Amino acid sequence: MAYTDLIRERFFPHIWCPGCGHGVVLNSLLHVVDELGLDPRSMCMISGIGCSARISGYVNFHTMHTMHGRALPCATGIKMSKPELNVIVPMGDGDAMAIGGNHFIHACRRNIDLTAIVLNNRIYGMTGGQYSPLSGRGILATTAPYGSIDNDFDTVSLAKGAGASFVARTTAFHVKEMAKILKKAINHKGFSAVEVMVQCPTYFGRKNKMGGAIDLLKSYRDNTAPLGSKKLEENPELIPRGIFVDEERPEYCEEYANVIAQANEE
Amino acid sequence: MSQETRNVRFVQGNEACVRGALYAGVKFFAGYPITPSTEIAEHLAIQLPKIGGAFIQMEDEIASMCAVCGASLAGRKAMTATSGPGFSLKQEAIGYAAMAEIPCVIVDVQRAGPSTGLATKVGQADVNQARWGTHGEHSIVALTASTIQDMFSITVQAFNIAETYRTPVILLFDEVMGHMRESLTIPEAGELSVVERLKTDVKPGVNYHPYLAREDGRLPMSDYGEEHRFHVTGLFHDIWGFPTEQPQQVDKLVHHLVDKIETRVNELAMWKEFYLDDAEEVLVSYGSCARSARHLVESRRQKGHKIGLLELQTIWPFPKDLVREKTANAKNVYVVELNMGQVLSQVKQAVKDPDRVYLVNRLDGTLVTPTDIGKIMRVIEGKGI
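So the sequences go chain by chain: F and S. Here the first sequence is numbered in the numbering used here, starting from 113 and rising by one per residue. Here the second sequence is numbered in the numbering used here, starting from 33 and rising by one per residue.
What follows is the structure, given as structure tokens:
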């Protein structure tokens with residue numbers, strides 16, 4: 113399929129800063145949709161608010177740019193109404209874990225067939241560099257001028273604990289791995305939570321003196337390791353990447369189809 | 033059993049609302065339990081799967097309203113129900129629905145507030161919240177009812193208005209109406225008109241503009257999952273649905289959101305009137321209070337008093353012309369409601385002489401009785417208690 117049918121050319125140029133990792137995720141996602149040969153009319157993308165949320169404008173799917181943190185409940189309403197749609201929900205770290213934290217855990221719990229992508233750049237970019245629930249202790253941000261004292265979440269543990277049936281983590285450096293994971297996540301029947309570590313050179317890298325886009329990408333290369341790898345075994349301090357959960361569990365819309373059948377029997 | 037008796041049921045107001053919604057074609061409900069609205073969710077949890085619709089109990093009120101927006105875009109007639117504090121939580125997504133022009137119905141079975149207030153007691157203090165609860169400028173439609181039969185038909189109307197104007201519509205019921213029981217005759221199919229969603233006739237492969245109005249002002253829709261793929265956003269947007277900050281387009285959209293409702297005030301006005309032709313004293317009321325007001329009017333009429341009642345069913349957009357016209361010949365106008373004068377202030381703005389408009393209210397979680405109204409009227413008339 114021509115990529116021009118998957119993107120909205122008149123919407124470009126995009127608003128992301130030079131060096132931002134969001135474009136890598138968009139690219140990867142379009143490749144996956146193309147490779148899977150999915151009908152664009154079956155594709156829905158629901159996003160919240162923030163830099164990452166603007167991704168829904170660029171894809172030529174049925175798209176909804178919702179309110180801050182509210183992408184998952186909006187997507188739930190769509191999926192419940194038309195379970196045949198492929199619904200992808202990109203969210204920023206603040207979007208998914210702070211204001212949308214409650215929606216996130218409940219979407220995991222229901223195991224509704226949505227593909228949630230948490231684009232974790234550890235900062236609020238759109239509002240100019242405030243700390244997020246994934247920033248972690250000691251991070252400098254405009255609202256943490258003396259270093260953040262907030263502990264961070266581990267998105268993977270949270271999604272696992274809340275009951276997601278597919279949980280994975282990758283980074284903007286590992287583009288091929290990202291495509292592989294996104295492919296599996298989209299194909300997975302049930303709630304898929306994929307964390308993608310993405311660089312924000314403009315606010316996170318600069319403020320924390322961690323360098324530009326390339327330095328941040330290199331840090332993903334150096335500070336992460338695949339699950340089950342020797343590298344990880346030797347250095348447990350590294351952040352594990354890969355697929356943490358991939359299980360078959362009853363999917364919410366299918367379960368509701370059973371409710372419909374039951375209601376009509378009585 | 034004859035057809036007629038089969039269609040008569042002795043039901044609670046909340047159930048009448050559910051039956052009205054089903055008659056209008058509701059196919060999706062998302063909600064979060066809150067007194068005194070919960071029976072609406074409970075009945076729909078039973079009924080919706082029977083017709084292949086979907087019911088979901090979400091994690092909170094915000095999520096419920098968001099799910100309603102999503103479901104409506106996917107082509108279903110969608111609703112939620114709540115009460116005061118839950119209504120506050122929904123405001124963010126009600127604003128989104130207004131901006132993105134998503135048809136949907138929000139039921140607020142009002143209780144006394146502010147905050148969690150009196151959870152099981154009646155109030156009518158969300159009149160202003162319905163109109164001004166969201167940020168920014170847009171107009172809104174809010175309807176009420178004072179009988180179980182009317183709760184049914186007004187609910188059907190709410191869906192019709194939502195679909196016609198692509199707007200959220202609020203049903204401002206109250207605890208007494210939600211929980212009282214009365215006979216309901218369910219109309220036959222076709223007896224009440226039901227407005228279906230106006231679908232676009234733009235052919236596949238041809239550009240569809242979700243926010244391009246027809247000559248009659250209506251905006252034909254395409255559902256998610258159908259041929260046309262389009263963008264929906266809460267940002268100011270152009271006819272494509274794409275974000276814009278161009279002053280001209282922003283200005284145009286604000287006017288569109290306000291004007292599509294405000295220019296149809298008289299068209300949207302629904303009301304009932306009792307003995308207004310020669311009335312010197314006019315009561316204006318709505319919801320459960322209108323029942324007490326009507327009782328008082330009936331008993332005073334029997335004693336030969338020239339008194340009448342204007343019962344409002346459309347609260348927003350406020351039917352100014354109607355109120356001015358119906359109270360034109362009255363010496364005194366009494367607004368009966370369970371708040372500190374939220375409709376009173378609108379009536380005062382509507383009439384020529386606001387000084388002859390008086391408030392008759394209670395704020396203690398109990399229904400204003402005909403005796404209460406009579407006593408207050410005597411005081412106002414200078415007759416003592």
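Glycine residues also receive a C-beta, built at the ideal position from the N, C-alpha and C atoms. Given the structure is predicted, the values throughout are model-derived calculations rather than measurements.
- [ ] Answer with buried or exposed for D107 (chain F), where buried requires no fewer than 16 other C-beta atoms within 10 angstroms of its C-beta.
- [x] With chain F represented from 113 up to 378, any question about residue 107 (chain F) goes unanswered, as that position is not in the structure.
TODO: Return the residues of the region 204-231 of chain F that lie within a Cβ-Cβ distance of less than 7 Å from chain S, sorted by chain order.
DONE: N214, H215, H218
- [ ] Figure out for me which residue from S:L54, S:L391, S:A151 has the closest Cα to the Cα of I66 (chain S).
- [x] S:A151
Task: For G373 (chain S), the nearest candidate out of S:F262, S:G52, S:D158, S:I172 (CA to CA) - done: S:D158
TODO: Would you mind telling me which residues of chain S sit closer than 7 Å to I372 (chain F), beta carbon to beta carbon, in chain order?
DONE: P81, G84
- [ ] With 8 Å as the threshold, decide whether the Cβ of A305 (chain F) is near any Cβ in chain S.
- [x] no
Task: Residues that T112 (chain S) contacts on chain F, provided the C-beta gap is smaller than 8 Å - done: Correct list: empty, because the minimum Cβ distance to chain F is about 10 Å.
Task: For P202 (chain F), the first and last residue of its enclosing beta strand (DSSP E) - done: 198-204
TODO: Kindly say whether L267 (chain S), judged by its beta-carbon, lies nearer than 8 Å to any beta-carbon of chain F.
DONE: yes
Task: Rounded distance between the beta-carbons of V137 (chain S) and F191 (chain S), thought under 8 Å - done: 6 Å
Task: Element boundaries [beta strand (DSSP E), containing A228 (chain F)] - done: 227-232
Task: CB contact check: N91 (chain S) to chain F, cutoff 8 Å - done: Just to set this straight, residue 91 (chain S) is Glu in the shown sequence, not Asn. Taking Cβ atoms only, chain F reaches closer than 8 Å to E91 (chain S), which makes this a yes.
- [ ] Decide if M33 (chain S) is buried, meaning its Cβ has at least 16 other Cβ atoms within 10 Å, or exposed.
- [x] Caution is warranted here: a pLDDT of 49 is assigned to M33 (chain S), below 50, making its placement in the model unreliable, and no coordinate value can be reported.
Task: Listed by chain order, chain F residues near E124 (chain S) by CB distance under 7 Å - done: M179
Open item on the list: I want to verify the contact list: residues of chain A whose CB lies under 8 Å from the CB of R229 (chain S), in sequence order.
Closed with: Absent from the structure is chain A; the protein chains it does hold are F and S.
Task: L231 (chain F) versus V310 (chain F) - alpha carbon distance - done: 6 Å
Open item on the list: In whole angstroms, give me the CA-to-CA distance for M209 (chain F) and E214 (chain S).
Closed with: 47 Å
Open item on the list: For P338 (chain F), would you say it is in contact with chain S, using Cβ-to-Cβ distances shorter than 8 Å as the test?
Closed with: no
- [ ] Starting from V100 (chain S), find everything on chain F with Cβ-Cβ shorter than 7 Å and list it in chain order.
- [x] G189
Task: Within 8 Å of chain S by C-beta, residues of the region 161-178 of chain F in sequence order - done: S168, G169, N172, F173, H174, T175, M176, H177, T178
TODO: Pick out the complete alpha helix (DSSP H) segments inside the region 307-348 of chain S, 4 residues or longer, and give them in chain order.
DONE: 319-334
TODO: Would you kindly work out how many angstroms separate the C-alpha atoms of D404 (chain S) and A325 (chain S), rounded to a whole number?
DONE: 10 Å
Open item on the list: Just to confirm the assignment, what range does the alpha helix (DSSP H) spanning P81 (chain S) have?
Closed with: 70-82
Open item on the list: Within a Cβ cutoff of 6 Å, which residues of the same chain sit near S147 (chain S), ignoring the five residues on either side of it in sequence?
Closed with: none
Task: Backbone CA spacing between D70 (chain F) and S171 (chain S) [nearest angstrom] - done: What the structure shows of chain F is the stretch from 113 to 378, and residue 70 (chain F) is not part of that stretch, so it cannot be assessed.
- [ ] Label L294 (chain F) either buried or exposed according to how many other C-beta atoms from any shown protein chain fall within 10 Å of its C-beta, with 16 as the threshold for buried.
- [x] buried
- [ ] Would you identify the three-state DSSP class for Q44 (chain S), choosing helix, strand or coil?
- [x] strand
TODO: Would you mind telling me which residues of chain F sit closer than 8 Å to E259 (chain S), beta carbon to beta carbon, in chain order?
DONE: R153
- [ ] Answer with yes or no whether the minimum CB distance from V58 (chain S) to chain F is below 8 Å.
- [x] no
- [ ] For chain F, find out if any of its Cβ atoms is closer than 8 Å to the Cβ of R394 (chain S); answer yes or no.
- [x] no
Task: Span separating the alpha-carbon of H126 (chain F) from that of Y170 (chain F) - done: 8 Å
Open item on the list: My assumption, with CB atoms under 8 Å, is that M192 (chain F) sits in contact with C365 (chain F). Please give the rounded CB distance.
Closed with: 6 Å
Task: Residue nearest to K304 (chain S) in terms of C-alpha spacing, selected from S:I339, S:A177, S:G273 - done: S:A177
- [ ] Could you check if S225 (chain S) is buried or exposed, using at least 16 other CB atoms within 10 Å of its CB as the buried criterion?
- [x] exposed
Open item on the list: At the 8 Å Cβ level, is F350 (chain S) part of the contact set with chain F, yes or no?
Closed with: no
- [ ] Between the Cα of F216 (chain F) and those of F:E307, F:P338, F:S341, F:L252, spot the shortest distance and give me the residue it belongs to.
- [x] F:E307
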